[in-house]
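**Q**
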Amino acid sequence: MTSWMVFLCALAALGCVSAQGNRYENFNTDAIIQNERILLAYYKCVMDKGPCTKDGKNFKRALPETLSTACGRCSSKQKAVVRSLLLGIRTKSEPRFMELLDKYDPERLNRDSLYKFLITGV
């Protein structure tokens, strides 16, 4: 279940960062990681496996752009949050990380750019 929490935390933060701009500059990822129920709900939402809350819908709407641009429109702080969460997802659950990427980048058009962002933060 820890991998679910990390995965969902990342999804939530990705969506918050892109959909809400500066509102989530100080987003507390640790608080989300600690709540398995919330993380699972966000995961199910963005993966079309369950209902979405208002925030879940915003995350789901922002996720494709966030992944396809490797957080290109994110601020430095937002990039750090997104990068940390994606690396956490990948570390905790490579299959779920790949499932997320396959859903939102099925043609693998942005994988190199996204992996570069994960390695360098740029």
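Residue numbering for the sequence shown is -19 to -1, 1 to 103, as defined by mature numbering (1 follows the signal peptide of the UniProt record, and there is no 0).
No residue lacks a Cβ here, since even glycine has one placed at the ideal position from N, Cα and C.
Return the CA-CA distance between Cys52 and Lys30, expressed in angstroms with no decimal places.
**A** When rounded, the distance between both Cα atoms is 25 Å.
**Q** May I have the straight-line CA-CA distance separating Pro45 from Arg18, to the nearest angstrom?
**A** If I take the Cα positions, the gap works out to 23 Å.
**Q** Between which residues of its own chain and Arg71 is the CB-CB distance below 7 Å, once the five residues before and five after are set aside?
**A** Excluding sequence neighbours, Arg71 sits near Phe78.
**Q** Can you give the Cα-Cα distance for Tyr24 and Arg42, rounded to whole angstroms?
**A** Distance between the alpha carbons of Tyr24 and Arg42: 13 Å.
**Q** For Cys55 versus Gly37, is the C-beta spacing smaller than 7 Å?
**A** No. Outside cutoff.
**Q** Using the beta-carbon count (16 or more within 10 Å), is Arg89 buried or exposed?
**A** Per the 10 Å Cβ criterion, exposed.
**Q** Would you kindly work out how many angstroms separate the C-alpha atoms of Leu95 and Leu48, rounded to a whole number?
**A** Straight-line Cα distance between these residues: approximately 7 Å.
**Q** Is it true that the CB of Leu99 sits closer than 7 Å to the CB of Leu67?
**A** Yes, the Cβ-Cβ distance between Leu67 and Leu99 is below 7 Å.
**Q** Which of helix, strand or coil does DSSP assign to Cys52?
**A** Of the three classes helix, strand and coil, the one that applies to Cys52 here is coil, per DSSP.
**Q** Does the Cβ of Val103 have 16 or more other Cβ atoms within 10 Å, making it buried, or fewer, making it exposed?
**A** With fewer than 16 Cβ atoms within 10 Å of its Cβ, Val103 is classed as exposed.
**Q** Report all residues from its chain with a CB closer than 7 Å to the CB of Cys33; omit the five preceding and five following residues, and keep chain order.
**A** Result list for Cys33: Cys26, Lys41, in chain order.
**Q** Leaving out five residues on either side along the sequence, give the residues of the same chain with a beta carbon under 8 Å from the beta carbon of Glu80.
**A** Within the same chain, Glu80 has close Cβ partners Met28.
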